[in-house]
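The sequence shown runs 1 to 246 under UniProt numbering.
What follows is a set of notes on a single structure, which appears directly below.
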Amino acid sequence: MSEISILEGPGGRRLAYANTDGEGPCIVFLSGYKSDMEGTKAVHLEAWARSRGRAFLRLDYSGHGQSGGVFEEGAIGDWAEDAAAVIEAATEGPVVLVGSSMGGWIACILTRRLSRVAGFVGIAAAPDFTEDSFWAGFSDEQRRQVMEEGSHAMPSDYGDPYIVTRRLIEDGRDHLVLRTPLPMPFPVRLVQGTEDEAVAGDVPLRLLSHIGGDDVRLMLVKGADHRFSTPECLSLIERMIEEVSP
Numbered sequence: 001m002s003e004i005s006i007l008e009g010p011g012g013r014r015l016a017y018a019n020t021d022g023e024g025p026c027i028v029f030l031s032g033y034k035s036d037m038e039g040t041k042a043v044h045l046e047a048w049a050r051s052r053g054r055a056f057l058r059l060d061y062s063g064h065g066q067s068g069g070v071f072e073e074g075a076i077g078d079w080a081e082d083a084a085a086v087i088e089a090a091t092e093g094p095v096v097l098v099g100s101s102m103g104g105w106i107a108c109i110l111t112r113r114l115s116r117v118a119g120f121v122g123i124a125a126a127p128d129f130t131e132d133s134f135w136a137g138f139s140d141e142q143r144r145q146v147m148e149e150g151s152h153a154m155p156s157d158y159g160d161p162y163i164v165t166r167r168l169i170e171d172g173r174d175h176l177v178l179r180t181p182l183p184m185p186f187p188v189r190l191v192q193g194t195e196d197e198a199v200a201g202d203v204p205l206r207l208l209s210h211i212g213g214d215d216v217r218l219m220l221v222k223g224a225d226h227r228f229s230t231p232e233c234l235s236l237i238e239r240m241i242e243e244v245s246p
């Protein structure tokens, strides 16, 4: 695996990333909520890219993995800024964004900010989940806890409870991508498992119909779950990256 580098990012946040030299466009992997760049997909895709001489970048948002900061103090806007800062510092030329779960939302935000995005692969992408999943699913009492007490502990299938803060909800509302135009004038591939327990089945369809572009496709994989990390799923991601790479 590539050596870990450190960047002083926005607000002095200490950001960890691993950059593999190679031919472009650079493949940028954006991980999910409370995940990190040591996950199965990130590490597998780095090795795959290296075997093909492709440039590859994986990173940890602040409060995640090897980066500094406290997870519960972060929000979508912070993590999008972190990703943009690392991409600008570590890469040159066109990039292909590969976003997993929350990373798919981050990628959507970045397509509006970076002029050199050449392609996008969304893996169980979860745009606007703080509003459409967290907040929409809360009871009146849970909403009160968030707004008046500052946070709510939500059970997670992936370990410790998610601490959903008022700032996460309010900041998420400032970065929604399914309410305003989302032009993507480059190849886009979305992949989603039919047994995904974290992202509702209508989300990839909403994203597909909302993206403005001439080459946007969605593939549903029967039986795949949210992790989307079986050998078959990883091979599919590889093919999707190849399809969107100019």
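Where a beta carbon is used, it is the ideal one built from N, C-alpha and C, also for glycine.
Just curious, the beta strand (DSSP E) that residue i is in, first and last residue?
i	result
VAL86	Looking at the DSSP string, VAL86 is not in any beta strand (DSSP E); the run it does join, the alpha helix (DSSP H), is 76-90.
MET154	151-156
GLY97	The identity of residue 97 in the sequence shown is Leu, whereas the question assumes Gly. Looking at the DSSP string, the run of the beta strand (DSSP E) that includes LEU97 is 95-100.
THR20	14-20
PRO127	Looking at the DSSP string, PRO127 is not in any beta strand (DSSP E), and its letter there is neither H nor E.
What does the Cβ neighbour count give for residue i, buried or exposed, with the cut at 16 atoms within 10 Å?
i	result
ALA198	buried
ARG52	exposed
PRO127	buried
Name the residue from the options whose alpha carbon lies nearest to the alpha carbon of residue i.
i	options	result
GLU243	ALA80, VAL98, PRO161	VAL98
VAL121	ASP128, SER100, SER115	SER100
ASP214	HIS226, ARG227, ARG189	ARG189
ARG167	THR180, PRO161, GLU149, PRO183	GLU149
residue 267	ASP171, ASP225, PRO187, PRO185	In this structure the chain extends from 1 to 246, so residue 267 is not present and cannot be described.
ALA136	VAL28, GLY39, LEU57, ILE169	ILE169
GLN66	TYR17, ALA49, SER133, PRO246	TYR17
THR130	TYR33, ILE6, GLN192	TYR33
GLY103	ASP202, SER151, ILE76	ILE76
VAL203	GLY12, TYR162, ASP132	ASP132
By how many angstroms is the C-alpha of residue j removed from the C-alpha of residue i?
i	j	result
LEU234	ALA47	12 Å
ALA55	PRO25	7 Å
ALA80	LEU110	7 Å
ASP140	GLU238	43 Å
ALA89	MET219	33 Å
GLU72	PRO94	33 Å
PRO155	GLY63	19 Å
PRO185	ARG58	24 Å
TYR61	CYS108	16 Å
SER151	GLU23	44 Å
ARG113	ILE106	11 Å
LEU236	PHE228	10 Å
VAL216	PRO187	6 Å
ILE241	PRO231	15 Å
LEU45	ALA118	18 Å
LEU178	GLU8	31 Å
ARG143	PRO181	29 Å
So with Cβ pairs under 8 Å, would you call residue i a contact of chain C?
i	result
GLY24	Chain labels in this structure do not include chain C; a single protein chain is all it has.
What are the start and end residues of the alpha helix (DSSP H) that includes residue i?
i	result
SER5	Segment 4-8 is the beta strand (DSSP E) holding SER5; no alpha helix (DSSP H) there.
GLU242	231-244
LEU45	40-51
ARG144	140-144
In chain order, each alpha helix (DSSP H) run of at least 4 residues that lies wholly inside the stretch 159-218: 166-173, 202-210
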